Amino acid sequence: MSYRRSIRSLGIEAPERAYYFEYEEEPPNGEQLQLDTLFSGLSAGTELTFLKNTNPFFHSRFDADRGAFICGEPALRYPVPFLGYMEVARISRSQVPDFKEGGIVATTYGHKSGHIANPDSELLVKLPDSLEPILGIFVAQMGPIAANGILHAGAETGGQDIARLGQGIEGRPVIVMGAGTVGLMTALFARHCDAADIIVADPSPFRRAKAEAMGFEAMSEEQLSEHAKRSWHHGGNDRGADFVFQTRAHSKSLDTALKALRPQGTVIDLAFYQDGAKALRLGEEFHHNGLNIRCAQINRVPRGLSHRWDRRRLARETIVMLQREGSLILEHMITDIIPFDDGAKFLNDLSSRRRDFIQVVFKADV
């Protein structure tokens, strides 16, 4: 029997105002799946840019052919009915042989009550029975973001000869700037890949305490440079970290990351900046120590590796890491589980007052 269903989507109606958008969804055809949402994770660093009107697409558009933003030509306007990319869903209808009804998948379709998915064009990752379904929010996008940062570190030292994740950081000291979701996921991957020493730096006492509870050494950004130069002496004037994974969207944090590197070291940048970079002093350590800044963007793995390291492979690496570290993530990283129907109120409250959190999850009423 064919039928339509009503879908609720959590979006942004105007600056500082979240809302629900409803629409009718057609039934799936024989090549599609009908998904019922179980969990949807909030990617605060990205999604709050829509709530606070700081996303660059509100005043520019990205010309993909030229690889450049065109100012004065907005690609986005309010309302923004869809946002989010950390979903876990149960398959409720399927005629696709590889996807059985009742199966649970991780994917990226936004904060919606349900979705019609096409396996030929969308990333759908089946979750193993051994993994808590809520951990699936990290599998399709957030985990691969962090894993791609680790992959970029490997490419800095091994070029295109990267057979396994973590080759570039095994036995090396690394720093992670930021103890939010991206930062802690990156730190977990670094530990999973046998980095020698891992320091997590964050200005928030709450987040530093969470990092320490997960087994990492944590400190403030003000302590970081001196600690790195004192603790990691490689001989002569060669002091500091091999890699700093920068996940905080503040130019001051990027500048601090540069100060903590050894000469010719590399910042792997995973942050999404919306402001300028007044605090970034490129005439100092960056210039005199021959440092590197490498953007590790999720949709672009290191040059020459796309045939071997796609997002699906990074998602598989994420599952392996989650099976090892999942209990710590459940206890310390997932700080808020909010009913889906309360999501708009939660975002509006979050916009108007600061609060301590790391990973927020919207839970569907199923």
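The sequence shown begins at 898 in the numbering used here and counts up one residue at a time. A virtual CB, placed ideally from N, CA and C, is assigned to each residue, including glycine. All values reported here derive from a predicted model rather than from experimental measurement.
Item checked: Neighbourhood of lysine 1156 by C-beta, 7 angstroms cutoff - its chain only, sequence neighbours within 5 removed -> Ser1122 and Glu1182
Item checked: Top-ranked residue by Cα proximity to glycine 1051, from Val1217, Val1141 and Ala1154 -> Val1141
Check: What residue from Ser1010, Val1002 and Gly1011 has the CA that sits closest to proline 1025's CA?
Finding: Val1002
Next item on the list: Spatial neighbours of isoleucine 1066 within its chain, please: CB distance less than 7 angstroms, with the 5 preceding and 5 following residues excluded, ordered by chain position.
Entry: Ile1047, Ala1050, Ala1087, Cys1090, Ala1092 and Phe1140
Item checked: Local conformation of glycine 1162 per DSSP, three classes -> strand
Note to self: Our contact map puts glycine 1000 next to glycine 981 with C-beta atoms below 8 angstroms; I'd like the distance itself, whole angstroms only.
What the structure shows: About 21 angstroms separates the two Cβ atoms, so there is no contact after all.
Checklist line | C-beta contact flag for isoleucine 1072 and isoleucine 1096 at 8 angstroms | finding: yes
Notebook entry, point to check: So, do the stretch 946 to 961 and the stretch 906 to 920 have three or more beta carbon pairs nearer to each other than 8 angstroms?
Noted result: yes
Margin query: Between the alpha carbons of tyrosine 920 and glutamine 931, how many angstroms are there, rounded?
Written below: 15 angstroms
Notebook entry, point to check: If you compare alpha carbons, which of Asp960, Lys997, Leu935 and Pro1041 is closest to glycine 1011?
Noted result: Leu935
Check: With 16 as the cutoff for other CB atoms within 10 Å, does asparagine 1045 come out buried or exposed?
Finding: buried
Margin query: Check whether the stretch 1172 to 1180 and the stretch 1128 to 1138 touch, using three or more Cβ-Cβ pairs below 8 angstroms as the test.
Written below: no
Next item on the list: Compute every distance between the C-beta of aspartate 1262 and the non-hydrogen atoms of the ligand FAD, then say whether any falls below 7 angstroms.
Entry: This structure does not include the ligand FAD; it has no bound ligands of any sort.
Next item on the list: Can you check the stretch 1103 to 1151 for any alpha helix (DSSP H) of at least 4 residues that lies completely inside it and give the ranges in chain order?
Entry: 1118 to 1128
Item checked: Sequence-distant residues of the same chain with beta carbon closer than 6 angstroms to glycine 938, five excluded per side -> Met983, Ile1034 and Val1258
Item checked: Selected residue, minimal CA-CA separation from tyrosine 900, among Gly1056, Ile1013, Thr1078 and Thr1054 -> Ile1013
Item checked: glycine 927 classed as buried or exposed, judged by whether at least 16 other C-beta atoms fall within 10 angstroms -> exposed
Checklist line | Sequence-distant residues of the same chain with beta carbon closer than 6 angstroms to asparagine 1186, five excluded per side | finding: Pro1160
Item checked: 4 or more residues per run - each alpha helix (DSSP H) lying fully within the stretch 911 to 969 -> 941 to 948
Item checked: When Pro1102, Arg963 and Met1039 are compared against arginine 1252, the one with the closest alpha-carbon -> Pro1102
Item checked: Delimiting residues of the alpha helix (DSSP H) encompassing alanine 874 -> In this structure the chain extends from 898 to 1263, so residue 874 is not present and cannot be described.
Check: Taking histidine 1124 as the reference, which of Gly1137, Gly1112 and Phe1113 has the closest Cα?
Finding: Gly1137
Note to self: Under DSSP, the alpha helix (DSSP H) around glutamine 1220 begins and ends at which residues?
What the structure shows: 1208 to 1225
Next item on the list: Return the bridge partner residues of methionine 1074 from the DSSP annotation.
Entry: Ala1098 and Gln1143
Next item on the list: Taking all protein chains shown into account, decide if leucine 907 is buried (16 or more other Cβ within 10 angstroms of its Cβ) or exposed.
Entry: buried
Notebook entry, point to check: How should serine 1266 be labelled, buried or exposed, when 16 other C-beta atoms within 10 angstroms of its C-beta is the threshold for buried?
Noted result: In the structure displayed, the chain extends from 898 to 1263; residue 1266 sits before or after that span and is not available.
Check: What is the DSSP secondary structure of asparagine 1186, counted as helix, strand or coil?
Finding: coil
Check: Since glycine 1051 is in the alpha helix (DSSP H), which residue starts that stretch and which ends it?
Finding: 1039 to 1055
Checklist line | Alpha carbon of aspartate 1166 to alpha carbon of threonine 1144, nearest angstrom | finding: 6 angstroms
Notebook entry, point to check: histidine 1184: buried (16+ other C-beta within 10 angstroms of its C-beta) or exposed?
Noted result: exposed
Margin query: Less than 8 angstroms between the beta carbons of leucine 1085 and glutamate 1222, yes or no?
Written below: yes
Checklist line | Nearest-angstrom Cα separation, counted from arginine 902 out to proline 924 | finding: 8 angstroms
Notebook entry, point to check: Exposed or buried, which one is glutamate 1118 when buried takes at least 16 other CB atoms within 10 Å?
Noted result: buried
Notebook entry, point to check: So which of Val1036, Asn1245 and Leu1081 has the shortest CA-CA distance to valine 1217?
Noted result: Val1036
Item checked: For arginine 905 and leucine 1020, believed in contact at Cβ under 8 angstroms, the rounded distance -> That belief does not hold up - the Cβ atoms of leucine 1020 and arginine 905 are roughly 23 angstroms apart, past 8 angstroms.
Checklist line | Candidates Pro1030, Pro994 and Asn1189, of which the one nearest isoleucine 1226 by Cα | finding: Pro1030
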